[in-house]
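So the protein sequences, as listed, match chains A and B. Each number in our numbering corresponds to the 1-based position in the first sequence with 2 added. Each number in our numbering corresponds to the 1-based position in the second sequence with 2 added. Here is the structure we will look at.
Protein chains: 2
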Amino acid sequence: MREFRVLEIKESIFEDNNKDAQELREQLKSENTFLLNLMSSPGAGKTTTLVKTIESLKERLSIAVMEADIDSDVDARTISETGVKVIQLHTGGMCHLDADMTRQGLKGLDAKGTDLVILENVGNLVCPAEFDTGATKNAMILSVPEGDDKPLKYPLMFKVSDVLLINKIDVMEYFDFDLDLCIERVKKLNPNIKIFPISAKTGEGIKEWTDWLYNEVKGE
Amino acid sequence: MREFRVLEIKESIFEDNNKDAQELREQLKSENTFLLNLMSSPGAGKTTTLVKTIESLKERLSIAVMEADIDSDVDARTISETGVKVIQLHTGGMCHLDADMTRQGLKGLDAKGTDLVILENVGNLVCPAEFDTGATKNAMILSVPEGDDKPLKYPLMFKVSDVLLINKIDVMEYFDFDLDLCIERVKKLNPNIKIFPISAKTGEGIKEWTDWLYNEVKGE
């Protein structure tokens, strides 16, 4: 296993997180670093998708990863195997990251000059949607086994996301998941969202998703 | 569709939730009502499991359900079809319920004299674990597609649960899920937890689970 750091991040002392997030976003832009905030339920496949994303892009972009979790470092271990720089952030029981916590993570990661930093947020469809991390773009993953009704139940998460990956499409036939209905529900909440059906396991759809991400990072 | 009420519950004003929860638990005991707090990730199958549980027990026990959600009433609609009394609780963006919020729900449900009240908590593996609702027992569902590493990443949820349902075992062969390893990880966190592998879809394991629950409610 490669080396990585584990950082206990502190609750933010800033009252105005939205302002703080905007400042962080502008700072990252001036440094030419694209920060992607990746959110989902537990078990939707964030880490596996991240590994495939890194494999697809690491020859073209410099990449670093921040793994946020309540506890454990299993995800940072997995990501470290891809060879990119990674830090494990422990949130001390908190179910989200705000902009100042993200800034603490970036400082700990020491990723200045990196093209793309990916923040794997805490596995949760509620709290992370409520706090702007200062990321350049928000991505979320919904996996087929979770069901096509999730946009109805967790609307804010779908509203704040710029891109939605519908993962585990390789097992679609074993679940009652209506892809068209799901997309219709999501678009009703967020007409401009980009949607990519993928299977992080088989690799289906990964090229379309990472081509889009590459163009976003390069500002094309 | 049958009628049910939608209640906007307010954030608790009590500072000491643990004390408040203990009082609620004792009150429910004196009223011979068993309150089951059901927790899981979004999409693990709480509502489907609940429908199967109600079908299996409703001839033997009087049952009522409180559906907690950030938004929407899709789950209360589904449950109302089973014929039991149901109320939809909206948490106003909050990702958990504490004892006072649970008490508001019970009051709105008007379920005095009911043998078994089931609270379907907000879909989340983090926040609900941190707040004692005053329930008689805590149950959680982990579904096979979420992965066998979840006890490592959300240990508190597994520690506070009295019973774990491992759901969607009908799709086990399509996922890399090691049931023995998962159980070993859970037992390490919580040696006394009861574990039932089930499929709410096919009905497998539902009899074992509901027999256990019936005996708990009846105090046998």
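Yeah, the Cβ is synthetic: ideal placement off N, Cα and C, and Gly gets one too.
Asked: Endpoints, the beta strand (DSSP E) within which Val119/A is located; Found: Leu118 to Glu122
Asked: Alpha helix (DSSP H) segment containing Asn140/B, residue limits; Found: Asn140/B -> not in any alpha helix (DSSP H); beta strand (DSSP E) instead, spanning Lys139 to Ser145.
Asked: Beta-carbon proximity of Asp178/B to Phe133/B, cut-off 7 Å; Found: no
Asked: Boundaries (first-last residue) of the alpha helix (DSSP H) holding Pro157/A; Found: Pro157 to Val162
Asked: Sequence-distant residues of the same chain with beta carbon closer than 7 Å to Thr80/B, five excluded per side; Found: Thr49 and Val53
Asked: Length of the line joining the Cα atoms of Asn20/B and Asp182/A; Found: 45 Å
Asked: Residues that Leu121/A contacts on chain B, provided the C-beta gap is smaller than 8 Å; Found: Simply none; closest approach about 16 Å.
Asked: Per-residue contacts from Asn169/B into chain A (C-beta, under 9 Å); Found: Those within 9 Å of Asn169/B in chain A number zero; the least Cβ separation is about 10 Å.
Asked: C-beta contact flag for Met174/B and Val146/B at 7 Å; Found: yes
Asked: 8 Å contact criterion, which Asn169/B and Gly47/B should meet: CB distance rounded; Found: 4 Å
Asked: Local Cβ density within 10 Å of Gly107/A, reported as buried at 16 or more and exposed below that; Found: buried
Asked: Neighbourhood of Glu69/A by C-beta distance below 6 Å, restricted to the same chain and skipping five residues each side; Found: Asp77, Ala78, Gln90 and Glu122
Asked: Residues bridged to Asn227/A (per DSSP); Found: Because chain A is modelled from 3 through 222, residue 227/A falls outside the range shown and cannot be assessed.
Asked: Short CB-CB distance (under 7 Å) between Glu57/B and chain A; Found: no
Asked: Residue from His98/A, Gly110/A, Ile72/A and Arg105/A with nearest C-alpha to His92/A; Found: Ile72/A
Asked: Of the residues Gly136/B, Gly149/B, Lys190/B and Asp180/B, the one placed nearest Leu158/B, counting alpha carbons only; Found: Lys190/B
Asked: Ser32/A to Lys114/A span [Cα, whole Å]; Found: 11 Å
Asked: Same chain, Cβ closer than 7 Å to Ile185/A, five either side skipped, listed in chain order; Found: Ile197
Asked: Integer Cβ distance of Ile65/A from Ile120/A, believed to fall under 8 Å; Found: 7 Å
Asked: Cα-Cα separation, Ser200/B to Ile171/B; Found: What sits at residue 200/B in the sequence shown is Ile, not Ser. Cα to Cα, Ile200/B sits roughly 6 Å from Ile171/B.
Asked: Neighbourhood of Leu30/A by C-beta, 6 Å cutoff - its chain only, sequence neighbours within 5 removed; Found: Leu37
Asked: Inter-residue spacing [alpha-carbon to alpha-carbon] between Ile195/A and Val162/A; Found: 9 Å
Asked: Terminal residues of the beta strand (DSSP E) in which Val165/B lies; Found: Val165 to Asn169
Asked: Any chain B beta carbon closer than 7 Å to Leu127/A; Found: yes
Asked: Where Tyr176/B meets chain A, residues with beta-carbon distance less than 7 Å; Found: Val173 and Tyr176
Asked: Nonlocal neighbours in the same chain, by C-beta distance under 6 Å from Lys152/A, ignoring five residues either side; Found: Leu144
Asked: Chain A residues whose Cβ lies nearer than 8 Å to that of Cys97/B; Found: Cys97, Asn126, Val128 and Cys129
Asked: Under 8 Å by beta carbon: chain A residues contacting Asp71/B; Found: Lys155
Asked: Of the residues Gly45/A, Ile56/A, Leu26/A and Ala23/A, the one placed nearest Asp213/A, counting alpha carbons only; Found: Ile56/A
Asked: Buried/exposed call for Asn140/B, threshold 16 Cβ in 10 Å; Found: buried
Asked: Rounded straight-line distance, which links the Cα of Asn39/B to that of Leu154/A; Found: 22 Å
Asked: CA nearest to the CA of Ser74/A, picked from Val124/A, Arg105/A and Gly110/A; Found: Val124/A
Asked: Residue from Ile208/A, Gly94/A and Lys60/A whose Cα sits closest to the Cα of Gly85/A; Found: Lys60/A
Asked: Beta carbon of Val219/B nearer than 7 Å to that of Leu118/B; Found: yes
Asked: Gly149/A versus Val128/A, Ile208/A and Asp180/A, residue with shortest Cα-Cα distance; Found: Asp180/A
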